[in-house]
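Number of protein chains: 2
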Amino acid sequence: MAYSYAYPHPAVTVDVVVFTADEGALEVLLIKRGEWPHTGKWALPGGFVEIDESLKRAAWRELREETSVQAGYLEQLGAFGHPDRDPRERVITVAYIALVPFDRLRFEAGSDAADAKLFAIDELPELAFDHRKILRRAKERLRDKLDIADIVRQLMPDRFTLSELQRTHEAISNTESDKRNFRKKLKTLEIVEATGENKEGGAHRPARLYRAVKKT
Amino acid sequence: MAYSYAYPHPAVTVDVVVFTADEGALEVLLIKRGEWPHTGKWALPGGFVEIDESLKRAAWRELREETSVQAGYLEQLGAFGHPDRDPRERVITVAYIALVPFDRLRFEAGSDAADAKLFAIDELPELAFDHRKILRRAKERLRDKLDIADIVRQLMPDRFTLSELQRTHEAISNTESDKRNFRKKLKTLEIVEATGENKEGGAHRPARLYRAVKKT
DNA sequence: GCAAAAGTGTTTGAGGTACACCCATGC
DNA sequence: GCATGGGTGTACCTCAAACACTTTTGC
Numbered sequence: 558m559a560y561s562y563a564y565p566h567p568a569v570t571v572d573v574v575v576f577t578a579d580e581g582a583l584e585v586l587l588i589k590r591g592e593w594p595h596t597g598k599w600a601l602p603g604g605f606v607e608i609d610e611s612l613k614r615a616a617w618r619e620l621r622e623e624t625s626v627q628a629g630y631l632e633q634l635g636a637f638g639h640p641d642r643d644p645r646e647r648v649i650t651v652a653y654i655a656l657v658p659f660d661r662l663r664f665e666a667g668s669d670a671a672d673a674k675l676f677a678i679d680e681l682p683e684l685a686f687d688h689r690k691i692l693r694r695a696k697e698r699l700r701d702k703l704d705i706a707d708i709v710r711q712l713m714p715d716r717f718t719l720s721e722l723q724r725t726h727e728a729i730s731n732t733e734s735d736k737r738n739f740r741k742k743l744k745t746l747e748i749v750e751a752t753g754e755n756k757e758g759g760a761h762r763p764a765r766l767y768r769a770v771k772k773t
Numbered sequence: 558m559a560y561s562y563a564y565p566h567p568a569v570t571v572d573v574v575v576f577t578a579d580e581g582a583l584e585v586l587l588i589k590r591g592e593w594p595h596t597g598k599w600a601l602p603g604g605f606v607e608i609d610e611s612l613k614r615a616a617w618r619e620l621r622e623e624t625s626v627q628a629g630y631l632e633q634l635g636a637f638g639h640p641d642r643d644p645r646e647r648v649i650t651v652a653y654i655a656l657v658p659f660d661r662l663r664f665e666a667g668s669d670a671a672d673a674k675l676f677a678i679d680e681l682p683e684l685a686f687d688h689r690k691i692l693r694r695a696k697e698r699l700r701d702k703l704d705i706a707d708i709v710r711q712l713m714p715d716r717f718t719l720s721e722l723q724r725t726h727e728a729i730s731n732t733e734s735d736k737r738n739f740r741k742k743l744k745t746l747e748i749v750e751a752t753g754e755n756k757e758g759g760a761h762r763p764a765r766l767y768r769a770v771k772k773t
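Same order as they appear, the protein sequences are chains A and B. Just add 557 to wherever you are in the first sequence, counting from 1, and you've got our numbering. Just add 557 to wherever you are in the second sequence, counting from 1, and you've got our numbering.
Right, dumping it as structure tokens:
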């Protein structure tokens, strides 16, 4: 017990909600806990903040440790600090949202995690701690803050079809939109361009592949 | 030194950005620091989170201690945790935004504060810690999240003129709008009603006083 | 009477919404 | 040939923006 204080101090962690879009479906990265508490439940990747490390730096470190993702979109969601959210001690966590294109996501199980896995946002398993609450808030934040341009720039893979983009947008905004209106809107935004390639494979007409326009 | 941990723990505080609107001008409550560090500079009201107290409860407590405000709008802004933001020890603060109508705001200097005072949002004094950064982010949050209905419900006093409401809206959104368009918009929203009273006093035509419509 | 803020409608343009059919492929 | 998703244009309506003059008061 090397560190003493005149008043009790909480522990502070960061947790990262890693969103990605696979074929238009919105997914979240979760880690299966191997240790007490909540052994066997799934949890957001995260860990303790080092004493001389900024919150954002800690979030980057956790993101890199779990996904080997080096860059991209990382935004603070907020702090969650209910006194009994962790049975070990008072733990306040600062949650971050990361957006990672599916084709840049490489994840392996970390040292204290039995398994890492992507889950569809609407088919979540039982979650550890208050992580369901954090995820609900993360989804609300995406809905309120992320527009189509953000989705194209931060969440879509290198090449994508317009239907995939529309499905991703609908999953995030929790609305449905007309295909023609969606594409008309995209034209005015001038944020995607056709690559000339097609995406074959379905029992239907091949879809054109688009990419994000590099911002000037 | 009664509290010991196997790993170093940061201290956690809450700081509250108390916004109010006086005659249409957006103002912030600041406390003059009487103690080291940053003695004599102005700071956001705040203090340490008790070990068995939720973050929001701590924010309510600080708000009540400084302003004797019991209810109203209180929303988390986010966590600020740069390692050297406080010279005493590692301190992570969770900032909250409070909206308090001017006529409900009663504030007195607290025990560890030499003075408490409202400042116009664009005429801030030198601030302690990273509080200027917190205030900038708080203003951005208001701009992005607060609509006219929120302003009417949470920030306007019991009686107000439409010009005061418009000035408050312009201060928050950082835009200017046409008087006729603003009032037309208000009509469709159906959130204010005339009281029949007038606000006398200027060297000009008296303004009608309005109040917020009680939500059904 | 003049300075100062209050109050009041119409026109226009942009953007969002509703809506239906043909096309290319796999089986 | 049929099932499956891909791709395309028009009409309407709503809402935001631009814009100027009269009214009531204090001095």
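Virtual Cβ for every residue (Gly too), placed ideally from N, Cα, C.
Item to complete: Would you list the residues sitting across from residue 651(B) in a DSSP beta bridge?
Response: By one-based count along the second sequence, residue 651(B) stands at place 94. 571(B) and 636(B).
Discussion item. Distance check for residue 591(B) and residue 726(B), CA to CA, integer angstroms please.
Written reply: Counting from one through the second sequence, the residue named residue 726(B) turns up at place 169. Counting from one through the second sequence, the residue named residue 591(B) turns up at place 34. Each residue's Cα considered, the two are about 34 angstroms apart.
Practice prompt. Compute the Euclidean distance between the alpha carbons of residue 635(B) and residue 587(A), then round it to the nearest angstrom.
Written response: Walking along the second sequence from the start, residue 635(B) turns up at place 78. Walking along the first sequence from the start, residue 587(A) turns up at place 30. Cα-Cα distance, rounded: 23 angstroms.
Worksheet entry | Neighbour-count burial assignment, residue 767(B), 16 or more Cβ in a 10 Å radius | In the second sequence, residue 767(B) corresponds to position 210, counting from 1. With 16 or more other Cβ atoms within 10 Å, it is buried.
Item to complete: Would you give the residue range spanned by the alpha helix (DSSP H) that residue 752(B) belongs to?
Response: Within the second sequence, the letter at position 195 stands for residue 752(B). Run containing residue 752(B): none in the alpha helix (DSSP H); it sits in the beta strand (DSSP E), 749-756.
Worksheet item: Leaving out five residues before and five after residue 666(A) in sequence, what residues of the same chain have Cβ atoms less than 7 angstroms from its Cβ?
Response: Looking up residue 666(A) in the first sequence gives position 109. Per-residue confidence for residue 666(A) stands at a pLDDT of 49, beneath the threshold of 50, marking its modelled position as unreliable; the derived number appears in the next sentence. Cβ within range, chain order: 672 and 673.
Worksheet item: Do the region 589-603 of chain A and the region 570-581 of chain A meet, that is, are 3 or more Cβ pairs less than 8 angstroms apart?
Response: yes
Discussion item. Could you tell me the alpha carbon to alpha carbon distance between residue 714(A) and residue 739(B), rounded to whole angstroms?
Written reply: For the purposes of this step, residue 714(A) is taken as the residue at position 157 of the first sequence. For the purposes of this step, residue 739(B) is taken as the residue at position 182 of the second sequence. Cα to Cα, residue 714(A) sits roughly 43 angstroms from residue 739(B).
Fill in: Paired residues, beta bridge with residue 604(B) - DSSP
Taking the first residue of the second sequence as position 1, residue 604(B) is located at position 47. Partner(s): 571(B).
Item to complete: At 7 angstroms on the CB atoms, spell out the chain B contacts of residue 639(A), in chain order.
Response: Position 82 of the first sequence, counting from 1, holds the residue named residue 639(A). Neighbours of residue 639(A) on chain B, chain order: 611.
Fill in: Other residues of its chain near residue 654(A): CB distance less than 6 angstroms, five sequence neighbours each side excluded
Within the first sequence, numbered from 1, the residue matching residue 654(A) stands at position 97. Cβ neighbours of residue 654(A) beyond the five flanking positions: 574, 632, 634 and 695.
Practice prompt. Give me the Cα-Cα distance between residue 670(B) and residue 735(A), rounded to the nearest whole angstrom.
Written response: Taking the second sequence and counting its residues from 1, one reaches residue 670(B) at position 113. Taking the first sequence and counting its residues from 1, one reaches residue 735(A) at position 178. Caution is warranted here: a pLDDT of 48 is assigned to residue 670(B), below 50, making its placement in the model unreliable, and the coordinate value is therefore given only provisionally. Near 58 angstroms, if we compare the C-alpha coordinates of residue 735(A) and residue 670(B).
Worksheet entry | the region 609-616 of chain A / the region 673-690 of chain A touching (three or more Cβ pairs under 8 angstroms) | no
Worksheet entry | For residue 590(B), the first and last residue of its enclosing beta strand (DSSP E) | The sequence position of residue 590(B) within the second sequence is 33, counting from 1. That run of the beta strand (DSSP E) goes 582-590.
Worksheet entry | Spatial distance of residue 723(B) from residue 622(A) (CA atoms) | Translated into the one-based positions of the second sequence, residue 723(B) becomes position 166. Translated into the one-based positions of the first sequence, residue 622(A) becomes position 65. Roughly 50 angstroms separates the two Cα atoms.
Practice prompt. For residue 733(B), count neighbouring C-beta atoms within 10 Å of its own C-beta (all shown protein chains included) and say buried if the count is 16 or more, exposed if not.
Written response: Along the second sequence, read from residue 1 onward, the residue named residue 733(B) stands at position 176. It counts as exposed.
Worksheet item: Do you know whose CA, among 566(B), 765(B) and 718(B), lies nearest residue 640(B)'s CA?
Response: For the purposes of this step, residue 640(B) is identified with residue 83 of the second sequence, where counting begins at 1. Comparing Cα positions, the closest option is 566(B).
Worksheet entry | 8 angstroms Cβ cut-off: residues of chain A touching residue 636(B) | Working through the second sequence from its first residue, we reach residue 636(B) at position 79. Going along chain A in sequence order, the residues near residue 636(B) (Cβ under 8 angstroms) are 612, 633, 635, 636 and 651.
Discussion item. Please report the straight-line C-alpha distance between residue 753(A) and residue 719(A), rounded to a whole angstrom.
Written reply: Residue 753(A) sits at position 196 when you count from the first residue of the first sequence. Residue 719(A) sits at position 162 when you count from the first residue of the first sequence. Distance between the alpha carbons of residue 753(A) and residue 719(A): 13 angstroms.
Practice prompt. Using three-state DSSP, classify residue 672(B) as helix, strand or coil.
Written response: The residue given as residue 672(B) occupies position 115 in the second sequence. Of the three classes helix, strand and coil, the one that applies to residue 672(B) here is strand, per DSSP.
Discussion item. Against chain A, with Cβ distances strictly below 8 angstroms, would residue 569(B) count as a contact?
Written reply: The residue given as residue 569(B) occupies position 12 in the second sequence. With 8 angstroms as the cut-off, residue 569(B) counts as an interface residue toward chain A.
Fill in: Simplified DSSP assignment, three categories, for residue 666(A)
Reading the first sequence from its first residue, position 109 is the one you call residue 666(A). The predicted model places residue 666(A) with a pLDDT of 49, which falls under 50 and marks its position as unreliable, so this point remains unresolved.
Worksheet item: Under a Cβ-count criterion, where at least 16 other Cβ atoms within 10 Å of its own Cβ denotes burial, should residue 682(A) be classed as buried or exposed?
Response: The residue given as residue 682(A) occupies position 125 in the first sequence. It counts as exposed.
Item to complete: Report yes or no: is there a C-beta of chain B within less than 8 angstroms of the C-beta of residue 608(A)?
Response: As a working mapping, residue 608(A) is identified with position 51 in the first sequence. For residue 608(A), the answer is yes, since a Cβ of chain B falls inside 8 angstroms of its Cβ.
Worksheet item: So, does the CB of residue 730(B) fall closer than 8 angstroms to a CB anywhere in chain A?
Response: On the second sequence, position 173 is the one that residue 730(B) refers to. Residue 730(B) does not count as touching chain A.
Practice prompt. Could you check if residue 761(A) is buried or exposed, using at least 16 other CB atoms within 10 Å of its CB as the buried criterion?
Written response: Position 204 of the first sequence, counted from the first residue, corresponds to residue 761(A). Exposed, by the Cβ-count rule.
Item to complete: Tell me, please, whether the CB atom of residue 565(B) is closer than 8 angstroms to any CB atom in chain A?
Response: One-based indexing of the second sequence puts residue 565(B) at position 8. Residue 565(B) counts as touching chain A.
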